[in-house]
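To convert, count from 1 in the sequence shown and add 28; that's the working numbering. Notes follow once the structure below has been shown.
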Amino acid sequence: MAETQLDDVRINTSAFDAQVKSVSSKQLEEEQASDVKDILKSLPSVNVDGNARYGQKVYVRGLEDKFANITVDGAKLGGQLFHHSGDQTIDASLLKITSVELGPNSALSGQGVINGSFVYETKDPSDFLAEGENFGGKVTLGYQTGYERKTGTVAVFGKINEKLEFVGMGTISSDGTLRLGNGEKIKSKESKLESALAKLVIKPNDYNTFKISYNRYKDGGNRQLSGEKVGTEDTDNDYNSISRDTFTLNYEYKPDNELVNVKANAYYNKQYLTRESTNGTDRTSNLTYTEPQRKYINSTSGMDLRNSSLLGIHKITFGTDYTHEEQEIEADTLRVYSNNTTKNLDFEGGEINNHGLYLEDEMAFDNWIVTLGARYDYYKLGGIYNGTFSQLSPKLRLKYQASENLTLRSGYGHIFKGPALGETLAVDSTDIQTGDTNAQTGNNFEVGFDYDLTKALNADDAIVGFNAYRYNVDNYAHTTKNNSLTSQSDIMIWGLETMFSYKKDKLGLNLSHTYTDGRQKDLVSGITYDPKTTNIHIFKIGANYQITKEFKFNYNSQFVPGNEWLSYSSRSGSTTEYKRAGYAVHDINLTYNPSSLKNTSFNFGIGNLFDKKYVTHTGFGSQTTSTNKSYEVGRNFKFQVSYKF
């Protein structure tokens with residue numbers, strides 16, 4: 029059984045670590061992952077809905093990822109562009125590792141964490157170079173019938189000397205007609221993804237490492253703007269795209285000294301929605317107009333500096349971070365009305381500056397690991413908004429090795445998230461900030477255990493884990509259509525997580541069950557209702573078997589029973605009980621690495637094996653009474669070939 033060691037104390041690794049922090053590039057390649065849903069689908073307590081790549085939304089522990097911290101190579105992705113599209117602009121082909129930390133119980137996870145953290149790390153040159161290699165390349169080609177998705181990836185990598193390595197990667201992935209589980213064909217979401225990665229790794233000596241990277245993402249087409257909504261066969265759509273440019277500098281100083289392990293990063297991230305020029309009619313004056321190309325931009329820049337020290341039974345990590353966010357609209361020219369008047373569409377919206385200090389002490393003694401931490405945030409609004417918020421947030425995690433096999437766990441994290449900027453597509457000069465803008469605050473509590481079953485099951489590795497959590501968010505405020513920064517409700521979320529991991533010889537197995545529930549109270553009407561994620565059970569199965577040295581089989585499935593939830597409409601001020609239909613989805617994949625063709629790999633797969641017609645329970649139109657349902661893609665045959673040279 030894998031273990032964590034700090035001095036002489038040995039505590040078994042948790043089942044949650046085994047599953048939540050285990051999405052590697054190898055797994056993504058074997059399963060032919062090509063979007064955020066493919067990347068995250070195996071993770072417990074994480075759910076992704078939507079069929080088109082640009083419309084996929086991510087939920088973790090009962091809330092959207094707008095309440096999580098998302099980083100790529102340490103660069104924070106912030107803000108919401110448009111409420112009918114997703115904001116995790118991640119290309120699976122560039123990823124080295126993906127990890128998710130559930131909950132807000134760590135002082136090291138960054139500012140504003142409520143439900144979790146998503147950490148994406150792109151590939152290094154060393155991930156491609158075999159021992160003794162100095163230069164090489166890799167070409168990957170793939171096709172998926174469910175999306176008519178044609179994908180090509182090229183990577184070039186090298187080791188100039190012992191101090192300098194590089195990797196350059198580029199991917200083009202074109203989507204055509206989407207074929208849904210109900211037999212419908214969708215042509216209004218055709219798009220083309222272009223992504224790239226350039227990275228230098230510099231090692232002046234054994235103690236210092238610099239990583240400098242640029243990551244480009246652009247997904248666009250003549251497609252409907254609302255990616256999560258129901259599609260059509262219409263192909264007469266204006267061009268729009270979602271893009272991201274990310275620059276990062278990461279540095280590590282690790283001398284032969286237990287008191288010093290410095291990690292630092294600085295970054296600039298620009299994520300933007302582009303809409304081409306078009307014609308329209310003003311709703312107030314009824315005048316027609318011609319509108320230029322516009323860009324709706326969310327920019328994030330910042331830094332993080334930390335050091336870890338080993339002092340006897342203590343592992344102490346302390347540091348500081350800073351985040352700056354801003355939103356703006358850029359137009360090529362003026363909007364021109366039919367009466368020859370004009371309007372300048374350029375606009376600078378809100379800004380955020382967050383300064384953070386944090387400290388965490390992981391202490392190991394007897395059969396205990398006690399982790400105490402805290403972070404202090406000073407949060408200031410700027411631009412068209414104003415307000416200052418600050419708070420000290422304590423954190424606590426406990427692990428107790430009750431017996432050789434049983435580990436007990438508990439955790440607490442105070443929640444603090446300053447008012448987030450509203451969606452950028454909707455921001456304009458008429459926005460008026462509410463007179464009582466508040467930070468979102470709350471508390472997270474969780475308890476659980478892990479039981480090592482390795483000996484009992486005569487396995488190479490086997491563990492079962494359970495977790496129960498509950499957290500509240502006062503002055504909950506979603507960013508959708510909320511450019512006044514209004515607090516909307518008080519919310520309570522609770523849930524259960526059960527996970528089982530097993531490895532024996534050539535067989536690997538991961539099972540999980542998660543359940544989310546909660547209550548929400550509208551701050552204006554006082555009406556209590558259910559969050560959309562209420563009453564959802566999700567069972568996930570992942571299995572892999574190394575048939576021979578050349579063949580490997582992977583199986584994934586998801587079972588979601590039907591349920592009900594009490595929805596609230598702020599427009600009508602009333603509640604309605606809706607039902608959601610249950611569904612089961614199965615995916616299979618086969619990897620073939622022929623010994624006769626060195627460095628060549630073939631992947632064959634079928635997603636949604638039985639062509640199930642379904643809508644995920646957080647998806648658009650998921651209630652059974654809806655006639656406007658955004659169904660997921662049906663049976664999807666996948667093929668991929670890779671060659672490294």
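Beta carbons are placed, not taken as given, at the ideal position from N, Cα and C, and that holds for glycine.
Beta carbon of Q468 nearer than 8 Å to that of N503 = yes
Residue closest to Y242, alpha-carbon to alpha-carbon, out of K483, N297, E193 | Measuring from the Cα of Y242, the nearest candidate turns out to be N297.
Cα separation between D489 and L434?
-> Roughly 15 Å between the two C-alpha positions.
Exposed unless 16 or more other CB atoms sit within 10 angstroms - verdict on P422 = exposed
Starting from V100, trace the beta strand (DSSP E) both ways and give me its first and last residue.
-> 96-100
Count the other CB atoms within 10 Å of the CB of V638; is the residue buried (16 or more) or exposed (fewer)?
-> Rather than Val, the amino acid found at residue 638 in this sequence is Phe. So F638 ends up on the exposed side.
Express the C-alpha separation of T562 and N278 in angstroms, rounding to a whole number.
-> 40 Å
With distances taken Cα to Cα, identify the nearest neighbour of T711 among G196, G378, K187.
-> Any question about residue 711 goes unanswered here, given that the chain covers just 29 to 673.
Have a look at K666 and E59 and give me their C-alpha separation to the nearest angstrom.
-> Approximately 9 Å between the Cα atoms of the pair.
Which of the three DSSP states, helix, strand or coil, is assigned to I240?
-> strand
Can you name, in chain order, every residue of its own chain whose Cβ lies under 6 Å from the Cβ of M391, other than the five neighbours on each side?
-> I341, H342, V398
Counted within 10 angstroms of its Cβ, other Cβ atoms place I357 as buried (16 or more) or exposed | buried
How long is the line joining the alpha carbons of T318 and S254, rounded to whole angstroms?
-> 21 Å
Residue burial classification, P283 (beta-carbon count within 10 angstroms, cutoff 16) = exposed
Could you please give the first and the last residue of the uninterrupted alpha helix (DSSP H) stretch that includes S53?
-> 53-58
In chain order, what residues of the same chain lie with their CB nearer than 7 Å to the CB of F4, ignoring the 5 residues before and after it?
-> The question about residue 4 has no answer here: the residues shown for the chain are numbered 29 through 673.
Residues that DSSP places opposite T754 in a beta bridge = Shown here, the chain extends from 29 to 673; a query on residue 754 therefore has no answer.
So, are the CB atoms of L228 and F194 less than 8 Å apart?
-> yes
Under three-state DSSP, which class holds P283?
-> coil
CA-to-CA distance, L68 to R89, given in whole angstroms = 13 Å
Beta-carbon separation (whole angstroms), L221 vs D262, contact threshold 8 Å = Not confirmed; about 21 Å, so no contact.
As assigned by DSSP and simplified to three states, the class of E31 | In this prediction, E31 scores a pLDDT of 38, lower than 50, which makes its location untrustworthy; no coordinate-derived value is stated.
Backbone CA spacing between G470 and V76 [nearest angstrom] = Answer to the nearest angstrom: the Cα atoms are 25 Å apart.
Given G102, which residues of its chain have a CB within under 7 Å of its CB, disregarding the five upstream and five downstream residues?
-> T276, N278, N293, Y295, D332
Please name the residue in S327, I344, R599, L192 whose C-alpha comes closest to that of N233.
-> L192
Through-space distance from K657 to L206, alpha-carbon basis | 15 Å
Quick one: grab the DSSP three-state call for R251.
-> coil
What's the C-alpha gap between F346 and S134?
-> 12 Å
Mind checking S313: buried by the 16 CB within 10 Å criterion, or exposed?
-> exposed
Give the range of the alpha helix (DSSP H) segment to which V64 is assigned.
-> 64-68
Give the secondary structure of Y82 by DSSP, where H, G and I count as helix, E and B as strand, and everything else as coil.
-> Under the three-state reduction of DSSP, Y82 is assigned to helix.
Taking one C-beta from the stretch 136-144 and one from the stretch 109-123 each time, how about it: are there three or more such pairs within less than 8 Å?
-> The stretch 136-144 is not in contact with the stretch 109-123.
Span of the beta strand (DSSP E) around S154 = Looking at the DSSP string, S154 is not in any beta strand (DSSP E), and its letter there is neither H nor E.
Excluding the five sequence neighbours on either side, which residues of its own chain have a C-beta within less than 6 Å of the C-beta of Y350, listed in chain order?
-> G330, M331, H383
Report, in whole angstroms, the separation of the C-beta atoms of G114 and K85, which I expect to be a contact under 8 Å.
-> In this structure, G114 and K85 form a Cβ contact; the two beta carbons are roughly 5 Å apart against a cut-off of 8 Å.
Given a threshold of 16 other Cβ atoms within 10 Å of its Cβ, counted over all protein chains shown, does S431 qualify as buried or as exposed?
-> exposed
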